[in-house]
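Notes for the one structure printed next.
Structure follows, in structure tokens:
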């Protein structure tokens, strides 16, 4: 219902913006409506959050399908589900997938769909490293980073989008499409740096809660840091995330947590066994 | 082709990797802060990183001294120092060089760059397939137990504890 309210507001703004004769009056109305849209999207419920996330996940899968290996897909789901169970949102419909893509990247969508690419999986050395990356993505979902970014984007785009939206017949469908487009754009534009660094800190904690060597995520960051940023396999990830060296610097403040849980299992053998079982 | 690539990749990760110390660091005999100090290495010392254990990385320093340093004190050579060509699996699996020009041509495997994401159409069939692989909470618990993982109480860092 909340989303419908958002759509109604967008439509209202569209109508306002399209009437130049009443420009003065409409600027106030537009600003007012923009505030209301902001308020309404803050109230996006869990059901809508999950729906938006599923739409985004479906788009992502349109760019790259799932890697065709049942064992690997189930393995990644087991690791991810176990980690998600250690968080404050254990009952979301958590789903994890390995995308058939050579690039190195990982993605989260609202409501609990999480992806890593085959390229990134193949660079990892242990289950603890996989857990570190999945825990980082889980943190984005917990903190609703994407949802908040979509909301912010929707407010800013409101005025510009209004006229073109009015031109369409089915305003609801158009607006839903717009939310989805805003969400999908985040995959290639990225979140705020502060969101990424927060997800790193929380990711370390969640991996430690799961009983893994807490250094899994820093270890992956070092692998990435050792790669040439010009490499096409990391171009998009480097564009959408702070530099790995900066992320490692920022994680120094987590050293007490990292060290307290450094002795937990890395499960390099179980990881390698699953990875080598592919095809 | 893929199996060959994987077999090559996994052992390769254990190879010595050139790295630099970002601060003055004690080289320890074993991976623990109370272990004996073999040497004190100055900031910007170049080392070869050999393996990691928890928060420690075994290194060989210039001059041959070996021991363990804090892994967070290391930065690798990759950033800024371009390696040859397009490194890694993306080249092995996805890109073929044509003729003598060295031009790269993507060979059929789709991937995830900004353009592909922008033009992606929803794939409901794959989303449905993803459901098949879902793990239950109980199932994941059994999986964790098999790996001897035990859940810990760990607080989020204070500034995130809103």
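Residue numbers (my numbering), protein chains in the order written: chain A, 5 to 283; chain B, -19 to 142. Just so you know, even glycine gets a beta-carbon here, dropped at the ideal spot from N, CA and C.
Would you verify that the beta carbon of residue 1(B) is, or is not, closer than 8 Å to some beta carbon of chain A? Here residue 1(B) refers to the residue found at position 21 of the second chain. No, its Cβ sits nowhere closer than 8 Å to a Cβ of chain A.
Along chain A, which residues have their Cβ under 7 Å away from the Cβ of residue 92(B)? Within the second chain, residue 92(B) is the residue found at index 112, counting from 1. Those within 7 Å of residue 92(B) in chain A are 67, 68, 103, 105, 107, 109, 121, 240.
At least one CB of chain B closer than 8 Å to the CB of residue 198(A): is that the case? The sequence position of residue 198(A) within the first chain is 194, counting from 1. No, residue 198(A) lies away from the interface with chain B (no Cβ there is under 8 Å from its Cβ).
In chain order, what residues of the same chain have a beta carbon less than 8 Å from the beta carbon of residue 274(A), not counting five sequence neighbours either side? By 1-based counting over the first chain, the position of residue 274(A) is 270. Excluding positions up to five away in sequence, the list reads 131.
Just to confirm my understanding: we take residue 244(A), look at its own chain, exclude 5 residues before and 5 after, and list those with CB closer than 6 Å. What are they? For the purposes of this step, residue 244(A) is taken as the residue at position 240 of the first chain. Result list for residue 244(A): 194, in chain order.
I want to verify the contact list: residues of chain B whose CB lies under 7 Å from the CB of residue 256(A), in sequence order. Counting from 1 along the first chain, the entry for residue 256(A) is found at position 252. Within 7 Å Cβ-Cβ: 52.
Would you kindly report the start and end of the unbroken alpha helix (DSSP H) that includes residue 137(A)? Along the first chain, read from residue 1 onward, the residue named residue 137(A) stands at position 133. Start and end: 131 to 146.
Pairs of beta-carbons, one from the stretch 197 to 205 of chain A and one from the stretch 7 to 24 of chain B, closer than 8 Å: are there three or more? no
Using a Cβ-Cβ cut-off of 8 Å (strictly less than) and excluding sequence neighbours within five positions of residue 20(B), which residues of its own chain qualify? The residue you call residue 20(B) lines up with position 40 of the second chain. For residue 20(B), where only same-chain residues beyond five positions count, the Cβ hits under 8 Å are 4, 5, 6, 7.
How about residue 154(A) and residue 118(A): are their beta carbons less than 8 Å apart? Taking the first residue of the first chain as 1, we reach residue 154(A) at position 150. Taking the first residue of the first chain as 1, we reach residue 118(A) at position 114. Taking 8 Å as the Cβ cut-off, residue 154(A) and residue 118(A) do not qualify as a contacting pair.
What residues from chain A crowd round residue 106(B), counting only those whose CB sits closer than 7 Å? The residue given as residue 106(B) occupies position 126 in the second chain. Chain A residues near residue 106(B): 65, 69, 70.
Any idea if residue 220(A) is buried or exposed, counting beta-carbon neighbours within 10 angstroms, 16 or more meaning buried? Counting from one through the first chain, the residue named residue 220(A) turns up at place 216. Burial call: buried.
Closer than 8 Å at the beta carbon, the chain A residues around residue 111(B): Within the second chain, residue 111(B) is the residue found at index 131, counting from 1. Those within 8 Å of residue 111(B) in chain A are 99.
Applying a beta-carbon distance threshold of less than 7 Å, which residues of chain A neighbour residue 55(B)? Within the second chain, numbered from 1, the residue matching residue 55(B) stands at position 75. Neighbours of residue 55(B) on chain A, chain order: 229, 249.
Whose C-beta lies closer than 6 Å to the C-beta of residue 48(B) among residues of the same chain, with five residues either side of it excluded? For this step, residue 48(B) is matched to residue 68 along the second chain. In chain order, 8, 11, 36, 38 place their CB closer than 6 Å to the CB of residue 48(B), counting only its own chain and leaving out the 5 sequence neighbours on each side.
Applying the criterion that 16 or more other CB atoms from any shown protein chain within 10 Å of the CB defines a buried residue, is residue 24(B) buried or exposed? Position 44 of the second chain, counted from the first residue, corresponds to residue 24(B). Residue 24(B) is exposed by the Cβ-count criterion.
Just to confirm, are residue 67(A) and residue 97(B) a CB contact at a threshold of 8 Å? In the first chain, counting from the first residue as 1, residue 67(A) sits at position 63. In the second chain, counting from the first residue as 1, residue 97(B) sits at position 117. It is a contact, given that the beta carbons lie within the stated cut-off.
Looking at C-beta atoms only, is the number of pairs between the stretch 123 to 141 of chain B and the stretch 250 to 265 of chain A that lie closer than 8 Å three or more? yes
Less than 8 Å between the C-beta atoms of residue 271(A) and residue 248(A), yes or no? To locate residue 271(A), count along the first chain from 1; it is residue 267. To locate residue 248(A), count along the first chain from 1; it is residue 244. It is not a contact, given that the beta carbons lie outside the stated cut-off.
Any beta carbon of chain B sitting closer than 8 Å to that of residue 168(A)? Numbered from 1 along the first chain, position 164 holds the residue referred to as residue 168(A). With a pLDDT of 47 at residue 168(A), under the threshold of 50, the modelled position of that residue is not reliable, and the figure given next carries that caveat. No, its Cβ sits nowhere closer than 8 Å to a Cβ of chain B.
Complete alpha helix (DSSP H) runs within the stretch 207 to 261 of chain A (minimum length 4 residues, chain order): 220 to 229, 239 to 244, 248 to 255
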